[in-house]
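In the working numbering, the protein residues as written are 1 to 334. Notes to accompany the following structure.
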Amino acid sequence: MSGHDMPLEELLKHLDSLANASLNLWELPEGARARLINVSENATYLVEASGGYKSILRVHRENYHSRRAIECELEWIAALAKADAVITPGHYLGRNGQAIQVGRSKELANPRYMVLFHFVEGSEPDETGDLVGPFEDLGEIAARTHIHSVSWQRPADFERLTWDVDAVFGDNPTWGNWRDGPKVDAGVRNVLEQVEATVKRRLADFGQSPDRYGLIHADMRLANLLIDDGSTRLIDFDDCGFGWFLYDFATGISFMEDDPRVPELKAAWVRGYRKIRPLSDAEEAEIDTFVMLRRLALLAWIGSHIEAPEPQALAPDFARVTAELGAVYLKAFS
Numbered sequence: 001m002s003g004h005d006m007p008l009e010e011l012l013k014h015l016d017s018l019a020n021a022s023l024n025l026w027e028l029p030e031g032a033r034a035r036l037i038n039v040s041e042n043a044t045y046l047v048e049a050s051g052g053y054k055s056i057l058r059v060h061r062e063n064y065h066s067r068r069a070i071e072c073e074l075e076w077i078a079a080l081a082k083a084d085a086v087i088t089p090g091h092y093l094g095r096n097g098q099a100i101q102v103g104r105s106k107e108l109a110n111p112r113y114m115v116l117f118h119f120v121e122g123s124e125p126d127e128t129g130d131l132v133g134p135f136e137d138l139g140e141i142a143a144r145t146h147i148h149s150v151s152w153q154r155p156a157d158f159e160r161l162t163w164d165v166d167a168v169f170g171d172n173p174t175w176g177n178w179r180d181g182p183k184v185d186a187g188v189r190n191v192l193e194q195v196e197a198t199v200k201r202r203l204a205d206f207g208q209s210p211d212r213y214g215l216i217h218a219d220m221r222l223a224n225l226l227i228d229d230g231s232t233r234l235i236d237f238d239d240c241g242f243g244w245f246l247y248d249f250a251t252g253i254s255f256m257e258d259d260p261r262v263p264e265l266k267a268a269w270v271r272g273y274r275k276i277r278p279l280s281d282a283e284e285a286e287i288d289t290f291v292m293l294r295r296l297a298l299l300a301w302i303g304s305h306i307e308a309p310e311p312q313a314l315a316p317d318f319a320r321v322t323a324e325l326g327a328v329y330l331k332a333f334s
C-alpha cells in the first residue's frame with residue numbers, strides 16, 4: 001500500500017517505525033530515537049540520544065523528488081556554505097558513505113529517500129511579534145542566495161523543480177489546480193480567473209532574464225529561519241528550484257498575505273535586499289504579482305494536501321480571502 005492510499009494517522013505510524021528502524025544506516029550514538037516534529041511534503045524527525053546528541057531526519061514524500069534532485073539540493077546547500085553566502089545545515093553520510101539513504105518497510109509499497117541533517121540551534125521568529133527586523137534580515141539572506149545563484153556553475157545534470165507560471169497554472173501543475181481547492185465557488189473562481197490571466201500577462205512582460213530568474217530557495221517562510229545569538233540560519237531547501245528571485249519574498253509571507261503588516265514587511269525586505277544586491281523600482285513594483293502567484297499555488301496545495309493538519313486548518317477561509325486579495329490586486333494591476 002502506498003502512502004497515498006492510507007489515512008494520515010496510519011501513514012505516520014508506519015513512517016515513525018520506518019524512521020526509527022532506519023537509524024542504524026548512520027553511525028549514531030547508542031539509544032538514538034526519532035520523534036516526529038513536522039509533516040508537510042515530507043516527514044521530519046528530531047533524532048536524540050544521550051549526551052545531548054541531536055540531528056534532523058527528513059523522510060521524503062514518495063514520488064516528489066528523484067534521488068538526483070535531492071543530491072542537487074544538497075550540492076547547492078554545500079556550495080552556499082562553502083561560499084559563506086548564508087549559514088545552512090550540513091548533513092551526515094551513512095555507513096555506506098552516501099548522503100541519501102533508502103528506507104524500506106513491509107507496510108509501505110514504495111521505499112523512501114532519507115537524509116540526516118546536522119541539528120541547527122536557534123528559534124524561528126515569532127509571527128505575532130515585531131517582524132520588521134527578521135524580514136530585513138530575510139531580504140539580505142535572499143539577496144546573498146541570489147548572487148550565489150547567478151554566479152554558481154551548476155553541474156551539467158543539475159535537477160530541481162521549476163516554479164514558473166506553468167508550475168502553477170499549466171496542464172500538470174506541481175501542487176494541483178487551484179480550482180480544486182476547498183470552497184472555490186463560482187464567485188471565487190470568477191475573481192481568480194481574472195487574477196490568473198493578469199499574473200500570466202504581467203510575468204510574460206517581466207521576463208526571465210538571468211538577473212531576475214534562477215535557482216531560488218522557494219520557501220523562505222519564517223518557519224525556515226532560525227535565529228541564534230544574533231545570527232540567522234536558513235534551513236529546509238526541499239523546495240529549492242528555478243524561479244523568479246522575487247518569488248522568494250512571496251514565499252516569506254506564505255499564509256499571511258492578508259496580514260495588515262505586509263506592506264511594512266515588504267518595505268523591510270526590500271531594504272535588506274538592497275543592502276546586498278540592486279533591485280530596480282520596476283522589480284519592486286512587481287512584487288505583488290509574485291505574491292498572487294504564490295497565493296494561488298498555496299490554494300492548490302491546500303486542496304492537494306487536505307489530509308494533513310495544516311491544510312485542514314487553513315481550508316475554511318483560504319479561498320475567500322484569496323479572492324479578496326485578488327480583487328485588490330486587480331484594481332492595482334489590471
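Even for Gly, the Cβ is constructed at its ideal location relative to N, Cα and C.
> How about the region 185-199 and the region 216-229: do they share at least three Cβ pairs that are nearer than 8 Å?
Replying inline: Touching, no.
> If we call anything under 7 Å between Cβ atoms a contact, is ALA142 one with ASP238?
Replying inline: Their beta carbons are not under 7 Å apart, which means ALA142 does not touch ASP238 by this criterion.
> So, helix, strand or coil for PHE237, using DSSP?
Replying inline: DSSP, read as helix, strand or coil, puts PHE237 in coil.
>> So, with DSSP's three-state summary, where would you put GLN101?
In response: Three-state DSSP puts GLN101 in a strand.
> How should VAL328 be labelled, buried or exposed, when 16 other C-beta atoms within 10 angstroms of its C-beta is the threshold for buried?
Replying inline: Flag for VAL328 reads exposed.
> Taking only runs of the alpha helix (DSSP H) that begin and end inside the region 41-96, which ones reach a length of at least 4 residues, in chain order?
Replying inline: Runs of the alpha helix (DSSP H) inside the region 41-96: 67-82.
> Excluding sequence positions up to five away, which residues of its chain have a Cβ less than 8 Å from the Cβ of SER2?
Replying inline: Only weak support exists for where SER2 lies, its pLDDT of 42 falling under 50; the value from the coordinates is given anyway. Excluding five sequence positions before and after SER2, the CB atoms of its chain that fall closer than 8 Å to its own CB belong to GLU62, LEU108, ALA109 and ASN110, given in chain order.
> Of all the options ARG189, SER304 and GLY230, which has the alpha carbon lying nearest to the alpha carbon of VAL321?
Replying inline: Nearest option by C-alpha distance: ARG189.
> Hey, how far is the Cα of PRO134 from the Cα of PRO125?
Replying inline: Each residue's Cα considered, the two are about 7 Å apart.
>> Less than 7 Å between the beta carbons of ILE87 and ARG233, yes or no?
In response: In contact: ILE87 and ARG233 (Cβ atoms closer than 7 Å).
> Quick one: is TYR273 buried, meaning 16 or more other Cβ sit within 10 Å of its Cβ, or exposed?
Replying inline: TYR273 comes out buried.
>> Please return the same chain residues whose Cβ sits closer than 7 Å to the Cβ of PRO173, not counting the five positions on each side in sequence.
In response: Result list for PRO173: ALA167 and ALA300, in chain order.
> Below 7 Å between beta carbons: does that hold for GLU140 and ILE253?
Replying inline: No. Outside cutoff.
> Which residue from ARG294, ASP229, ALA204 and ILE235 puts its Cα closest to that of HIS217?
Replying inline: The shortest C-alpha separation from HIS217 is found at ILE235.
>> As an exercise, report each continuous beta strand (DSSP E) stretch of at least 3 residues that is fully enclosed by the region 217-292, in chain order.
In response: Runs of the beta strand (DSSP E) lying entirely within the region 217-292 and spanning at least 3 residues, in chain order: 225-228, 231-234 and 241-244.
>> Helix, strand or coil, according to DSSP, for TRP301 in the structure here?
In response: Of the three classes helix, strand and coil, the one that applies to TRP301 here is helix, per DSSP.
> Apart from the five residues just before and just after MET292, which ones in its own chain have a Cβ nearer than 6 Å to its Cβ?
Replying inline: Excluding positions up to five away in sequence, the list reads VAL195, VAL199 and TYR329.
> In angstroms, rounded to a whole number, what distance separates the CA positions of LEU279 and LEU116?
Replying inline: In this structure, the alpha-carbon of LEU279 lies about 36 Å from that of LEU116.
> Who are THR162's beta bridge partners in DSSP?
Replying inline: In DSSP, THR162 forms a bridge with PHE242.
> Measuring CB to CB, does SER136 end up less than 7 Å from ALA268?
Replying inline: The sequence as given places Glu at residue 136; Ser does not occur at that position. Yes.
> Which residues share a DSSP beta bridge with LEU330?
Replying inline: Beta-bridge annotation (DSSP): LEU330 is not paired with any residue.
>> Give me the DSSP bridge partner(s) of ARG33.
In response: GLU48.
>> Tell me which residue opens and which closes the beta strand (DSSP E) that LEU116 is part of.
In response: In the DSSP assignment, LEU116 falls within the unbroken beta strand (DSSP E) covering 112-118.
> Excluding sequence positions up to five away, which residues of its chain have a Cβ less than 7 Å from the Cβ of MET220?
Replying inline: So the qualifying residues of the chain are LEU138, ALA142, ASP248, THR251 and GLY252.
> Helix, strand or coil for ASN38 per DSSP?
Replying inline: Residue state, collapsed to three classes: strand.
> In its own chain, which residues sit with a C-beta less than 6 Å from the C-beta of GLU284, not counting the 5 before and 5 after it?
Replying inline: Contacts found: VAL270.
> Alpha carbon to alpha carbon, what distance is there between ALA204 and TYR113?
Replying inline: Looking at the two C-alpha atoms, the distance is approximately 36 Å.
> Do you know how far the Cα of HIS305 is from the Cα of GLU324?
Replying inline: Cα to Cα, the separation comes out at about 23 Å.
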